[in-house]
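> Numbering (our numbering) for the sequence shown: 57 to 175. The C-beta atom is built at its ideal place from N, Cα and C for all residues, glycine as well. In this text, all values refer to a predicted model and were calculated from it rather than measured experimentally.
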Amino acid sequence: MANESFIGKEETPIVPPTQDEKTLALISHVLAIFIPFFAPLIIYLVKKDESSFIAAHSRESLNFQITLVIVYIICIITLIGWLLIWPIYILSVLLCILATIRASEGKLYRYPFTIRFIK
Numbered sequence: 057m058a059n060e061s062f063i064g065k066e067e068t069p070i071v072p073p074t075q076d077e078k079t080l081a082l083i084s085h086v087l088a089i090f091i092p093f094f095a096p097l098i099i100y101l102v103k104k105d106e107s108s109f110i111a112a113h114s115r116e117s118l119n120f121q122i123t124l125v126i127v128y129i130i131c132i133i134t135l136i137g138w139l140l141i142w143p144i145y146i147l148s149v150l151l152c153i154l155a156t157i158r159a160s161e162g163k164l165y166r167y168p169f170t171i172r173f174i175k
């Protein structure tokens, strides 16, 4: 069952994840706050074939980070964008925390406003 809103979409996976899968999925979101782009990319490349749960979370985190890079570039180019950098950063941290919570609960999470480059 999917729950969709402006803060993202969550759903329960068909196969319940193990505790290790939850932990790695959680790490892919938390590390993205401190090491954007590279942390979810490494987790995705290493674990994508081993666990669909980890692959889904790390792929979603990676797509969100790529989208943020594009948004930050647009903000830097435009004058009014400079005013939006901090609010966008705060929103991205809050969404990463929400995704971390969903991963720890064993749910799949989809970030809002994300371009899905990696499917």
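#1: Take the Cβ of Thr156 as the centre, count every other Cβ of all protein chains shown within 10 Å, and call the residue buried at 16 or more, exposed below.
#2: Taking just the CA atoms, how far does Leu135 sit from His85?
#3: Specify the secondary structure class of Tyr165 as computed by DSSP and reduced to three states.
#4: Assess contact between the segment 131-146 and the segment 98-105, defined as three or more Cβ pairs (one per stretch) separated by less than 8 Å. Is contact present?
#5: Would you call the CB atoms of Ile89 and Val149 closer than 8 Å?
#6: Using only CA atoms, which one of His113, Leu151, Leu118, Tyr145 lies nearest to Thr68?
#7: What's the C-alpha gap between Leu140 and Leu124?
#8: Nearest-angstrom Cα distance between Ala159 and Ala95?
Per the coordinate set shown:
#1: With 16 or more Cβ atoms within 10 Å of its Cβ, Thr156 is classed as buried.
#2: 30 Å
#3: Here Tyr165 sits in strand by DSSP.
#4: no
#5: yes
#6: The candidate whose alpha carbon is nearest that of Thr68 is His113.
#7: 12 Å
#8: 16 Å
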